[in-house]
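In order, the protein sequence lines correspond to chains A and B. With this note's numbering applied, the first sequence covers 291 to 570. With this note's numbering applied, the second sequence covers 1245 to 1648. Beta carbons are placed, not taken as given, at the ideal position from N, Cα and C, and that holds for glycine. Reading through the structure tokens given below for one structure.
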Amino acid sequence: MWDYTDKVMDHYEHPRNVGEIENADAVGEVGSIACGDALKLTLKIKDGKIADAKFKTFGCGSAIASASALTEMIKGKTIEEVKKITNNDIVSFLGGLPKEKMHCSVMGAEALEEALAFYRGEKKVADPDNVGEVVCKCFNVTDQKIRRVALANNLHTVEEITNYTKAGGGCGLCVDQIQALLDDVWKNENTGKREHVKPKLSFLQKVKMIEKVINDEIRPILNRDGGDLELVDIQGNKVVVRLFGTCQGCHASQLTLSGLVEHKLKELVDDSLEVVEHEG
Amino acid sequence: MIHWKWWNMKDKTIYLDNNATTAVAPEVVEAMLPFFTDSYGNPSSMHNFGGRVHRELEKAREKVAQLLSCEPYEIIFTSCGTESANFALRGIMEAYPEKRHIITTKVEHPCIKNQIPWFDERGVRVTELRVDRKGRLDLDELSAAITKNTLLISCMYANNETGVIFPVDRIASMARERGVYFHTDAVQAVGKIKISLKDLPVDLLSFSGHKLHAPKGVGVLYVRRGTKIRPFIIGGHQERNLRGGTENVPYIIGLGKACELAAEHLFDENNQVKKLRDKLEKGILASIPNTEVNGHTEDRLPNTTNIGIHFVEGEALLLALSKENICASTGSACASGSLQPSHVLRAMGIPFTSIHGSLRLSLSRYNTESEIDQVLEILPGIVDKLRAISPFKNLEDVTHFGTE
């Protein structure tokens, strides 16, 4: 049995905005019965705002919940606001989805995207998922879609791609091809391509974020092994820390500093940070 | 008599998923208990304390043999049905390395199906026989597939998803005539239909305890006397040197008791249980439009029905049933963890409009008529609700979807 959040169960049991708007201004239809899930989203748009949204879904509990959540999220919002909604926003709204069910949230985001394209008068031709070469023949997923979803959700493994797009989840013949696509997508990973994701921070913001990451992310890990860590000072990009408990004098403490502390801070705050141990 | 709190709680749950697992019979639990406490001796020990346990173990073996009409000597205890099936195929393969071909079907349980890559890697060719729309085999195709190189045919006795029973007697005779070994995965059949190995020339047969009201964690491989097979677990002399490891005594005792009970209830399974199944099936077909039975309705286990409910998705259906304390299962992709729907229903060529909405209901002798009535009362409303949400009401909707 899947581990669904209460919010998912609530939206599954009491789906909001079920139905079809007649003479809708925008229609998005994605999926198919063969794939096991399908979603039809209809929108009424007035003065640049989503005046009404309704959906019909063929699919599992999380597909129904994702579609219901989406309609709640977009009603009353402007087109500009709605454009920015991603599948991750649907997942957050629902308090999380099992990883194997991420494709349900992707289906929601795609239906929205298609509906907005419909509204702009672009119709099917502009559907980004129908462009490109079909990689997964079982679920009809193109290379373009795999690239797009991988980038949008920071996906690095074939398994993640399968959870988000279903690609590779059928006969499995395309698994190598998906891996090659991922290799290509992330080949520039360490050359600064992803840097733009992190906003430029003021010094104060940086200090606050470092403190937060140390307290929320790093110390709990050290505490598990009976160790601890204290932030002593921040000098430019140099983060000075002191190790306690079992960490202190542990022969692996250098490894802890560079492998865990510095890695986490670089990943979550700023790539240029350097961690040193307080002397004396 | 021990008071079973969990057993009394079961009135709340309507359990119609007996092909997945079954309730342990209270008599079985009772038979097992002394072997966790007082009678903890090792059956292999030389003292009488262990010897007494050994004698009880052999009595359990006799009870299993009685249910199957075979010799106790031919019963090997294992840990589960999957172990038995692995034991059977690999044990024979290793005993006859010169033969490099086995035949099975496209609708086998993963315990057979997922062994195929292992054989592929070792240069053993595997032929998977097709089934028709009703889930039946073509015996001419089987006959044509047998070559001089064929060592073994492995074919399930009855299918776990549809309940369709294969003509095991004819397959076994054909295998015998052509000098090919025959293994049958009888996990779903033992205890539900009469199996007499005295009259049925199968060489190997697998089954597991938890499908017939014994606990999980015990299984059987029947190996016909004179069959050359290599051991599966190498260790002590237990189980005729074929399956090392100290016997799982309490569970084996439980399985013995469960087999004794199964023999007593075989008539009920094919009458009372079958009647309830038929009532449930007819009721669903009559009250819910766009439904059909998947699989042959005659050559079928008495407890199983697999119904395709068009235009709804199975996992959503199960969630709603679960909310009403009704346990069932589906062949839908979403419920499986893999993304592909049931390989059995696909092999049968069931259309996608129906395959994702397949509902398997499997009964046991513990189900009551009032439970069936409750399901018949609740299910149509659930289907209505899901169909109201679905963008598909008919085939036309399906074909036009996404073309707007």
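Asked: Report yes if the C-beta distance between B:C1503 and B:L1448 is below 9 Å; otherwise report no.; Found: no
Asked: Is any beta-carbon of chain B found at less than 9 Å from that of A:I468?; Found: no
Asked: Could you spell out where the alpha helix (DSSP H) holding A:H301 opens and where it closes?; Found: 296 to 303
Asked: A:T452 touches chain B at which residues, Cβ-Cβ below 9 Å?; Found: L1583
Asked: At which residue ranges does the stretch 1426 to 1493 of chain B contain complete beta strand (DSSP E) runs of 3 or more residues, listed in the order of the chain?; Found: 1448 to 1452, 1463 to 1467
Asked: Residues in the stretch 1624 to 1642 of chain B with C-beta within 8 Å of chain A's C-beta atoms, listed in sequence order?; Found: A1632, I1633, S1634, P1635, F1636, V1642
Asked: If we call anything under 9 Å between Cβ atoms a contact, is A:F345 one with A:T332?; Found: yes
Asked: Under the assumption that B:V1493 contacts B:V1297 (Cβ atoms under 8 Å), give the Cβ distance between them as a whole number of angstroms.; Found: 6 Å
Asked: To the nearest angstrom, report how far apart B:S1417 and B:N1638 are at their CA atoms.; Found: 46 Å
Asked: Which of helix, strand or coil does DSSP assign to A:A324?; Found: coil
Asked: Can you name the residues of chain A whose CB is closer than 7 Å to the CB of B:T1597?; Found: I323
Asked: Since A:V425 contacts A:Q467 with CB under 8 Å, what's their CB separation in whole angstroms?; Found: 5 Å
Asked: For chain B, find out if any of its Cβ atoms is closer than 9 Å to the Cβ of A:V320; answer yes or no.; Found: yes
Asked: Closer than 8 Å by beta-carbon distance: list the chain B residues that pair up with A:D327, in chain order.; Found: E1557, C1578
Asked: If the criterion is Cβ atoms closer than 9 Å, does the pair B:S1440 and B:A1332 meet it?; Found: no
Asked: I need the boundaries of the alpha helix (DSSP H) containing A:V475, first residue and last residue.; Found: 465 to 475
Asked: Could you please tell me which residues of the stretch 327 to 347 of chain A, in chain order, have their CB closer than 9 Å to any CB of chain B?; Found: D327, A328, L329, K330, F345, K346, T347
Asked: Taking the alpha carbon of B:R1604 as the reference point, which residue from B:S1576, B:A1339, B:L1510 has its own alpha carbon closest?; Found: B:S1576
Asked: Under DSSP, the beta strand (DSSP E) around B:L1529 begins and ends at which residues?; Found: Looking at the DSSP string, B:L1529 is not in any beta strand (DSSP E); the run it does join, the alpha helix (DSSP H), is 1518 to 1531.
Asked: If you run the structure through DSSP and keep just helix, strand and coil, what is A:V415?; Found: Its pLDDT being 46, under 50, A:V415 is placed unreliably by the model, and nothing is read from it.
Asked: Taking A:K556 as part of the alpha helix (DSSP H), name the residues at either end of that continuous run.; Found: 553 to 558
Asked: State the CB to CB distance for the pair B:C1578 and B:E1559, rounded to an integer number of angstroms; the pair is presumed to be in contact (CB under 8 Å).; Found: 4 Å
Asked: If contacts are defined as beta-carbon pairs under 8 Å, then B:C1314 and B:K1442 qualify, I think. What distance do you get, rounded to the angstrom?; Found: 7 Å
Asked: Buried or exposed for B:T1454, going by 16 or more other Cβ atoms inside 10 Å?; Found: The sequence as given places His at residue 1454 of chain B; Thr does not occur at that position. So B:H1454 ends up on the buried side.
Asked: Which residue's Cα is closest to the Cα of B:D1522: B:G1593, B:S1606, B:S1452?; Found: B:S1606
Asked: Strictly by DSSP, which residues pair up with B:D1650?; Found: One cannot answer for residue 1650 of chain B here, as it falls past the ends of chain B, which runs 1245 to 1648.
Asked: Bridge partners of A:E520, per DSSP?; Found: A:R532
Asked: Name the residues in the stretch 514 to 526 of chain A whose C-beta lies less than 9 Å from a C-beta of chain B; which are they?; Found: none
Asked: Ends of the alpha helix (DSSP H) at B:D1617?; Found: 1613 to 1633
Asked: Roughly how many angstroms separate the alpha carbons of B:K1472 and B:A1339, rounded to a whole number?; Found: 6 Å
Asked: Taking the alpha carbon of B:K1350 as the reference point, which residue from B:T1643, B:G1489, B:R1590 has its own alpha carbon closest?; Found: B:R1590
Asked: Nearest by alpha-carbon distance to B:T1574: which of B:K1567, B:L1583, B:K1438, B:L1562 is it?; Found: B:L1562
Asked: Tell me, please, whether the CB atom of B:G1646 is closer than 9 Å to any CB atom in chain A?; Found: yes
Asked: With 8 Å as the limit, tell me which residues of the stretch 1596 to 1621 of chain B have their beta carbon closer than that to any beta carbon of chain A; keep them in chain order.; Found: F1596, T1597, H1600
Asked: Grouping DSSP H, G and I as helix and E and B as strand, with all else coil, what is B:R1299?; Found: helix
Asked: Scan the stretch 364 to 431 of chain A and note each continuous alpha helix (DSSP H) run of 4 residues or more that stays entirely inside, going in chain order.; Found: 369 to 373, 377 to 383, 392 to 409
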